[in-house]
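For reference, the structure is listed below as structure tokens.
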Amino acid sequence: MCIGSDKGNIDLQIVIYNGRLLSTLQIINIMSQTSSLDTSAFMSGLIAKNPAEPEFHQAVHEVALSLDHFLEENPKYKHARILERIVEPERIIMFRVPWVDDKGLMRVNRGFRIEMNSAIGPYKGGLRFHPTVNLGILKFLAFEQVFKNSLTTLPMGGGKGGSDFDPKGKSDNEVMRFCQSFMTELYRHIGANTDIPAGDIGVGGREIGYMYGQYKRIVNEFTGVLTGKGLNWGGSLIRPEATGYGNVYFAQEMLKTRGESFKGKTVLVSGSGNVAQFTVEKVNDLGGKVVTLSDSSGYIYDPDGIDYEKLKFVMYLKNNKRGRIKEYAEKFGAKYVENERPWLETADIALPSATQNEINETEAIALVSNGCMCVSEGANMPSTPEAIQVFIDKGILFGPGKAANAGGVAVSGLEMTQNSMRLNWTRAEVDNRLQTIMQSIHNTCCQYGAKDNNFVNYVDGANIGGFVKVADAMIAQGAV
Ligand code: NDP
């Protein structure tokens, strides 16, 4: 949210930053405390040029900090002004999405597609339908996606899009009419070799189906223009599971470095959507016990663990009935805490899987004090910068989203490959490839993030590891 957005008067811009109302100058000051002079100047310029986009500033600042020394040691990237270019989207598309509700009333939402970077492949990244969606949030997500896609080792550029449309409380027919109207504009900007959107918050199999149907109807082509498709019309096995499974595989790799595993561990998970559900499933497979889930109304705590039977109930509740997580507590007699997040509960591992900035500094301190040894991000940027600092200062295992949740887009990449070859791999084949990719991302993080005393800073590792491939491609391709 922004009150006042005059680019020339950045001290007059007031935004919500990590839950606090701050002026832009105050944010620049906070960032300066942890930055070199170069990075401070770079961030001041970025904030002045992209006002009222605090999530975008936060995401860029984290990367700029990681790259600080690396750019000094590798001046070719500075000479080519890669940092200045990589924060500038190649293209932003914004459009009106009119649709008619079940009462016959005209509604209008705003649609977006951020085509951030195509240096190593066509733009690739999800669509988010949520009332909080705005340009700054989608730019942060598109920016992170560039690094994440690079880490997967697959040839995919970065993009993101969506709308401030809220699917909650809408009938299937209303969702279909919205998706058709959204695609009626978006179709002209995307394509199997140009830009391949997928799902994200509020966009699951139902929405991908309606959008794919409309795309096919308009262009008269059956092509792999979206991923997350249904199995009998071009989808891949394991795609729904991929982000949650991938995050657990990544956490498993981190745990291995300390001779640990999921077996017998208690785990906090937030969210109860696509990522959270398959996170619970894979933790159960590996012998751990998940005790929490949440939605935007509150969280449930079940000390006995969310076993496969209870998970089946959650999947029906969220994917079919589209109800609230509170109903879990009513059915199984678990604790329900309204309007709170699960991070004050005690556990060995935390896997945040709902949304950005959902773990603050206080919650991070509580997690570590309660014995949490590993935090791995299923969601995008769920930990605030202050929370991340706590995890790193305390030396616990911390897997940032752009590495830990890259399994989703990785299997989207595998879906594109199967579409191009016009054949389908088995469940085991896709799962094996997913595991190999998550191991490779973990290795890259260790390669670029290794510090003294055997400590791996996975944030630096992911940021530098993701950067190098894209930056080298940008240099090779010249001033484009
Ligand atoms: P879903 O829409 O399936 O689920 C989102 C869950 O998070 C819901 O339980 C939702 O609760 C909760 N949530 C959303 N916004 C908020 C909020 N502001 N405060 C509290 N809870 C909230 O989305 P996904 O599971 O697909 O995505 C979850 C996260 O994972 C996102 O950060 C997304 O960007 C990231 N991600 C997803 C990938 C994918 O493949 N799907 C890939 C990589 C990352 P409610 O129903 O009340 O809104």
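Position one of the sequence shown corresponds to residue 1 (the numbering used here), numbered consecutively onward.
We put the CB at the ideal spot given by N, CA and C, even for glycine.
All values reported here derive from a predicted model rather than from experimental measurement.
Taking 8 Å as the cut-off, the Cβ atoms of Thr227 and Ile437 do not count as close. Sequence-distant partners of Val275 (beyond 5 residues in either direction) whose C-beta falls short of 6 Å from its own C-beta, in its chain, are Thr243, Gly244, Ser353, Gly378. Taken in chain order, the whole beta strand (DSSP E) runs of length 3 or more contained in the segment 274 to 345 are 289 to 295, 298 to 301, 335 to 338. As for any beta strand (DSSP E) of minimum length 3 sitting wholly inside the segment 103 to 189, the runs are 106 to 117, 123 to 129, 158 to 163, ordered along the chain. As a beta-bridge residue in DSSP terms, Cys374 pairs with Ile349, Leu397. When rounded, the separation of the alpha-carbon atoms in Lys256 and Gln439 is 11 Å.
For Val269, the enclosing beta strand (DSSP E) begins and ends at 266 to 269.
Under the three-state reduction of DSSP, Phe95 is assigned to strand. Exposure of Met421 is indicated by the presence of fewer than 16 other C-beta atoms within 10 angstroms of its C-beta. Within 7 Å of the C-beta of Glu358 there is at least one heavy atom belonging to the ligand NDP. Only buried fits Leu65, as 16 or more other CB atoms lie within 10 angstroms of its CB. Between His57 and Ile92, the gap from beta carbon to beta carbon reaches 8 Å or more. Secondary structure note for Ile359: it is in no beta strand (DSSP E), with a DSSP letter that is neither H nor E. Under the three-state reduction of DSSP, Ile238 is assigned to coil, being neither helix nor strand. Thr266 is classed as buried because its beta carbon has at least 16 other beta carbons within 10 Å across all chains shown.
8 Å or more divides the Cβ of Ser412 from the Cβ of Phe250. Within the same chain, no residue comes within 6 Å of Glu73 by CB-CB distance, once the 5 residues on both sides are set aside. At the C-beta level, Asn117 and Glu90 come within 8 Å of one another. Sequence-distant Cβ neighbours of Ile114 in its own chain, meaning closer than 7 Å and more than five residues away, are Pro89, Ile92, Leu138, Lys139, Ala142, Gly159, Lys160, Gly161. Ile349 has its CB no nearer than 7 Å to any heavy atom of the ligand NDP. If you draw a straight line from the Cα of Gly288 to the Cα of Gly264, it comes to about 5 Å. Within 7 Å of the C-beta of Ser150 there is not a single heavy atom belonging to the ligand NDP. Below 8 Å, too few C-beta pairs join the segment 423 to 430 and the segment 440 to 448 to call them touching: fewer than three.
The alpha-carbon of Phe222 is positioned some 37 Å away from that of Glu53. Asn380 has its Cβ nearer than 7 Å to a heavy atom of the ligand NDP. When C-alpha distances from Val97 are compared across Asp164, Val368, Val87, the shortest belongs to Asp164. Residue environment analysis places Gly230 among the exposed positions, since fewer than 16 neighbouring C-beta atoms fall within 10 angstroms of its C-beta. For Gln277, the closest C-alpha among the options Pro197, Leu317, Met254 is that of Leu317. Taking the C-beta atoms as reference points, Pro197 is found nearer than 8 Å to Gly125.
According to DSSP, Ala198 shares a beta bridge with Gly126.
Take the alpha-carbon of Val290 and the one of Tyr308: they are about 11 Å apart. When only Cα atoms are considered, Ile47 and Ser36 end up about 16 Å apart.
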